Amino acid sequence: MMVLIFAETQKGKFKKAAYELAYYGYQTAQALGTECAALVLGTAEGAEELGKYGASKVYHVTDTALDTFDSQAYTKVIAAAAEKAGANVVIVGHTSTGKSLLGRLAVRMNAGSVPAVNAIPTVEGGTFKVRKPVFSGKAFADYEVKSENKVLSLMGNSLQPQEVGEPASVEALDVEVPAAQVTVKEVKRMEGRTPLPEAELVVSAGRGMKGPENWGIIEELAETMGATTACSRPVADADWRPHHEHVGQTGVAIRPNLYFAIGISGAIQHLAGVNSSKTIVVINKDPEAPFFKAADYGVVGDLFDVVPRLNEAMKKFKA
Ligand code: FAD
Numbered sequence: 003m004m005v006l007i008f009a010e011t012q013k014g015k016f017k018k019a020a021y022e023l024a025y026y027g028y029q030t031a032q033a034l035g036t037e038c039a040a041l042v043l044g045t046a047e048g049a050e051e052l053g054k055y056g057a058s059k060v061y062h063v064t065d066t067a068l069d070t071f072d073s074q075a076y077t078k079v080i081a082a083a084a085e086k087a088g089a090n091v092v093i094v095g096h097t098s099t100g101k102s103l104l105g106r107l108a109v110r111m112n113a114g115s116v117p118a119v120n121a122i123p124t125v126e127g128g129t130f131k132v133r134k135p136v137f138s139g140k141a142f143a144d145y146e147v148k149s150e151n152k153v154l155s156l157m158g159n160s161l162q163p164q165e166v167g168e169p170a171s172v173e174a175l176d177v178e179v180p181a182a183q184v185t186v187k188e189v190k191r192m193e194g195r196t197p198l199p200e201a202e203l204v205v206s207a208g209r210g211m212k213g214p215e216n217w218g219i220i221e222e223l224a225e226t227m228g229a230t231t232a233c234s235r236p237v238a239d240a241d242w243r244p245h246h247e248h249v250g251q252t253g254v255a256i257r258p259n260l261y262f263a264i265g266i267s268g269a270i271q272h273l274a275g276v277n278s279s280k281t282i283v284v285i286n287k288d289p290e291a292p293f294f295k296a297a298d299y300g301v302v303g304d305l306f307d308v309v310p311r312l313n314e315a316m317k318k319f320k321a
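Heads up, the sequence shown is in our numbering, so the first residue is 3 and it goes up one at a time.
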C-alpha cells in the first residue's frame, strides 16, 4: 500500500487544507505501515514544504494547462499519477474540487470510496477501515473498504497539521494531460478577508439580526478584529448573506481559534460545523439558547446593544 494525497493550490499557493491533508496522509500511511506522497498539479510555489507535514516525496505535474480546474482532466491525471507512484490509497480534500473528483476517481481507479472522513483509517485483520461522522455528528459509522484501490475525501479542519519532517524532494512527473473539456473564461476570487475554512477569527451571526440591513455592526466588529464573517443557514437561504458564509452541517466546517456566535440559537446542524472551534463566545438574548451549552463564554443580552459596545471595547484594546 502507498498513500497519495492531492494537494490543492489557489493561484499557485497552497492552502492550509493542503498541509492538513499531507499530515492526514502521513498519519494514514503510518497506520498502514507505508509512506505518503503528495501530488501537485500546475503552477505551485513551495511544494517541498508539504514534506514538513509528512509527505515523504512530492510529485509535480507542471503542465500549466492544469492551472485551471477541469474535473475530467484532473481525474485522469490523478489516476495516472497514482498508478505511476504505485499508490492505492488516494486522498483528496472534501472541498468543492475534491467532491467533484471523488466519484470520478473511484470509477476510474475501480476503487471503493468514502467521502467526508475525519478519522485516521486502520487495518484490522487485513481489512481497511475508516470512520466518518453521520447524523450531524451524533453518531459514527465505520466503513470497510475491501477493494484494492481506495479513495477518500477528508473533511476540512478535521485535524491540526503538525510539522513532522523536513522539506521533501520534488519530482516532476511525466503524465499525459488531456485537453480540457471545458473552457473557463474568467475566474473571480474574493479578495480581502481570509477565506472561511482558513480563518482563525470568525464573527458569525444568525436570524437574531432580524434583517440584512443590520449587518453593519457585524462587519464593523469583524473589521476591528481582523476576522472573517460567517452566518447560519437560514440567513444564507434568505439571501441576507452570501452562501459561502454559511457554516454548519450543510455549509463550511470550520475550526478557528475564536468563534463569535451572535443571535444564533445553536441548532445541532449549526454546531456540527463549528464545535471544533478552540474558543466559542455566544451572544444571545435568550438564556436558554442551546448554544450556551457549547460556549466557553456567554453574554446574555440584546445583540444590538452588546455588539456595538464590544466593538468599542475591542477598538480601545487595540489602540
Ligand atoms: P434561529 O433558530 O431563529 O435563532 C435565532 C437566535 O437569535 C435565537 O436563539 C434568539 O434567541 C436569538 N436572538 C433573537 N433576537 C436577538 C437579539 N436581539 N439579541 C440577541 N439574540 C437574539 N443551520 C445552520 O446554521 N447550518 C447548517 O449547516 C444547517 N444545516 C441544516 C441541515 C438540515 C438537514 C436541517 C434540517 C437544518 C439545517 N440547519 C442548518 C438549520 C438549523 O436547524 C437551524 O434552523 C438554524 O441553524 C437556525 O438558525 P439561527 O440560529 O440563525 O436562527
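All C-beta atoms, glycine included, are put in the ideal place defined by N, C-alpha and C. Computed from a predicted model, the values in this text were never measured in an experiment.
Residue i CB to nearest heavy atom of ligand 1 below 7 Å
{"i": "T331", "result": "The displayed coordinates of the chain run from 3 to 321. Any statement about residue 331 would go beyond what the structure contains."}
{"i": "D304", "result": "yes"}
{"i": "S267", "result": "yes"}
{"i": "A2", "result": "The chain is shown only over 3 to 321; residue 2 falls outside these bounds and no answer can be derived."}
{"i": "V249", "result": "yes"}
{"i": "P236", "result": "yes"}
{"i": "K59", "result": "no"}
{"i": "R311", "result": "no"}
{"i": "H272", "result": "yes"}
{"i": "K140", "result": "no"}
{"i": "T252", "result": "yes"}
Which listed residue (the options) has its alpha carbon closest to that of residue i
{"i": "L175", "options": "E22, A84, T99 and L107", "result": "A84"}
{"i": "V42", "options": "G35, A31, A33 and T77", "result": "T77"}
{"i": "V5", "options": "A20, A19 and E37", "result": "E37"}
{"i": "K18", "options": "Y55, Y28, T45 and V309", "result": "Y55"}
{"i": "K318", "options": "H248, M227 and G100", "result": "M227"}
{"i": "G128", "options": "M3, E47 and V302", "result": "M3"}
{"i": "G14", "options": "L68, G27, A40 and A24", "result": "L68"}
{"i": "R195", "options": "A39, T185, H246 and D241", "result": "H246"}
{"i": "G35", "options": "P199, F130 and K140", "result": "F130"}
Own chain residues within Cβ distance below 6 Å of residue i, not counting five before or after
{"i": "A224", "result": "V205 and T231"}
{"i": "E202", "result": "P258 and N259"}
{"i": "P180", "result": "A75 and K78"}
{"i": "D298", "result": "T281 and I282"}
{"i": "V308", "result": "I285 and V301"}
{"i": "N277", "result": "A296"}
Residue i versus residue j: straight-line alpha-carbon distance, rounded
{"i": "Q251", "j": "A81", "result": "30 Å"}
{"i": "S171", "j": "A49", "result": "9 Å"}
{"i": "A182", "j": "V119", "result": "30 Å"}
Distance cut-off 7 Å: residue i Cβ against heavy atoms of ligand 3
{"i": "V284", "result": "Ligand 3 is not part of the structure shown, which contains ligand 1 as its ligands."}
Cβ-based neighbour list, residue i, same chain, cut-off 7 Å, excluding 5 preceding and 5 following
{"i": "S73", "result": "S102, L103 and R106"}
Beta-bridge pairing of residue i - partner residues as DSSP gives them
{"i": "D144", "result": "R133"}
{"i": "N120", "result": "The partner list for N120 (beta bridge, DSSP) is empty, contrary to what the question assumes."}
{"i": "I7", "result": "A40 and I93"}
{"i": "F262", "result": "V205 and V283"}
{"i": "S155", "result": "V94"}
{"i": "G114", "result": "K152"}
{"i": "H248", "result": "C233"}
Own chain, CB closer than 8 Å to residue i, minus 5 neighbours either side, in chain order
{"i": "Q29", "result": "G56, I122 and L161"}
{"i": "E146", "result": "T129, F130 and K131"}
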